[in-house]
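Accompanying notes for the structure given below.
Numbering (my numbering), first residue to last: 1 to 154.
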């Protein structure tokens, strides 16, 4: 099963903007600043590697930025990340509605109980609103098309 995010991982926006690390710091999840600095450095390297792969495999338009440290999450980058997963040679694909809605806050933060309201964060749109959204429908159709193309490559 291919996934970019789950209920126990940051959303795509949260990951790209390092919101999960910022929130973890606010909740006291890291023992010291050295650990946190290392996590931020690792994230920057991972983001650049991901961005390079998104370009290499045609998941982003050529005009999209090439330097991760200068890029914020955009609808084009979000779509590219989901395309990358959709193109995988995996029998199953797991997608998160939070990523379709460009949400930043996670559902859960593993290792917390009282510090964060796990399982209580709501979607920013109802299911009806979400599936009436032209942008969401366009994304789903694009990913479906790419999944079908990936299946033919098996």
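By construction, the Cβ of each residue, glycine as well, lies at the ideal position given by its N, Cα and C atoms. No experiment lies behind these values; they were computed from the predicted model shown.
Around the beta carbon of residue 98, 16 or more other beta carbons lie within 10 angstroms, which makes this residue buried.
Here DSSP, grouped into helix, strand and coil, assigns residue 35 to helix. Look at residue 93 here: in three-state DSSP terms it is strand.
A straight-line Cα-Cα distance of about 8 angstroms links residue 95 and residue 6. By the criterion of at least three beta-carbon pairs nearer than 8 angstroms, the segment 103-117 is in contact with the segment 18-32. Residue range 75-86 is occupied by the alpha helix (DSSP H) that includes residue 78. For residue 103, there is no enclosing alpha helix (DSSP H), as DSSP marks it with neither H nor E. Beta bridge pairing from DSSP links residue 2 with 93. In the three-state reduction of the DSSP assignment, residue 55 falls in the helix class. The residue among 135, 90, 100 and 139 with its C-alpha nearest the C-alpha of residue 1 is 90. One thing to note: residue 36 has its Cβ within 8 angstroms of the Cβ of residue 21. Assigned with DSSP and collapsed to three states, residue 43 falls in helix. In chain order, 136 place their CB closer than 6 angstroms to the CB of residue 130, counting only its own chain and leaving out the 5 sequence neighbours on each side. Taking a cut-off of 8 angstroms for Cβ pairs, the segment 116-127 and the segment 42-61 do not touch, as fewer than three such pairs fall below it.
DSSP, reduced to helix, strand and coil, places residue 125 outside both helices and strands of the structure shown, so it counts as coil.
In the three-state reduction of the DSSP assignment, residue 138 falls in the helix class, which pools H, G and I.
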